[in-house]
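*Asks:* Can you keep this structure in mind? I'll have questions shortly.
In this note's numbering, the protein residues as written are 53 to 257.
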């Protein structure tokens, strides 16, 4: 969620952490990975909109604020049709799944068919926890030469489409995603969107 809200310049509500983490990791598409320590404040090295701040431990809740620091930046929401087009044009995204009460994010190669986001996986965490659960899927891109970045976030429910014959499963298998990661991935997972949002961040000329 942190990266999805990066371009939006919105506050991310505080969230509880059971133990002091050694680093809280955020990824900004224009600046790589940032790992602020408790009580630190960091900004992307390039012209990104993100500023990350964390209240010092031992507070039971960290509060992360992401706001635009560039007065010459413009933000626009993208229509759903454009979001779907970007999802179809790109093949690498991230799926977020809640496991034992904690969110985990996995990079996957995906493909689209009839609004369904499809990816393949092996036996393991994604297969055990994604089907039947609410998930988020996200893609993004930033072009430092033009100062334009965008992100698309999809909310929906994942299904195991490997052997099912419902419409979502047929569409998932028809998408034919091609995983680049090594290993056998005989299982098909489809995400039926319930909400699709997108934002574009653009520096003023």
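Heads up, the beta-carbon is just placed ideally off N, CA and C, and yes, glycines get one too.
Taking the alpha-carbon positions, what's the residue 65 to residue 129 distance?
*Replies:* With a pLDDT of 41 at residue 65, under the threshold of 50, the modelled position of this residue cannot be trusted; read the value that follows with caution. So the two alpha carbons sit approximately 21 angstroms from each other.
*Asks:* Does DSSP put residue 218 in a helix, in a strand, or in coil?
*Replies:* coil
*Asks:* Could you give the distance in angstroms between the alpha-carbon of residue 245 and the alpha-carbon of residue 208?
*Replies:* When rounded, the distance between both Cα atoms is 4 angstroms.
*Asks:* Just how far apart, CA to CA, sit residue 178 and residue 229?
*Replies:* 16 angstroms
*Asks:* Can you have a look at residue 236 and say buried or exposed, based on whether 16 or more other CB atoms are within 10 angstroms of its CB?
*Replies:* exposed
*Asks:* With contact counted as at least three CB pairs below 8 angstroms, one residue from each stretch, are the stretch 167-186 and the stretch 142-152 in contact?
*Replies:* yes
*Asks:* CB residue 251 to CB residue 125, shorter than 9 angstroms?
*Replies:* no
*Asks:* Does DSSP classify residue 246 as helix, strand or coil?
*Replies:* Looking at residue 246 - three-state DSSP - the assignment turns out to be strand.
*Asks:* Would you mind working out which of 162, 176, 211, 206 sits nearest residue 183, comparing C-alpha positions?
*Replies:* 211
*Asks:* How far does the alpha helix (DSSP H) with residue 140 in it extend, from its first residue to its last?
*Replies:* 132-141
*Asks:* Between the beta-carbon of residue 161 and the beta-carbon of residue 143, is there less than 9 angstroms?
*Replies:* Between residue 161 and residue 143, the gap from beta carbon to beta carbon is short of 9 angstroms.
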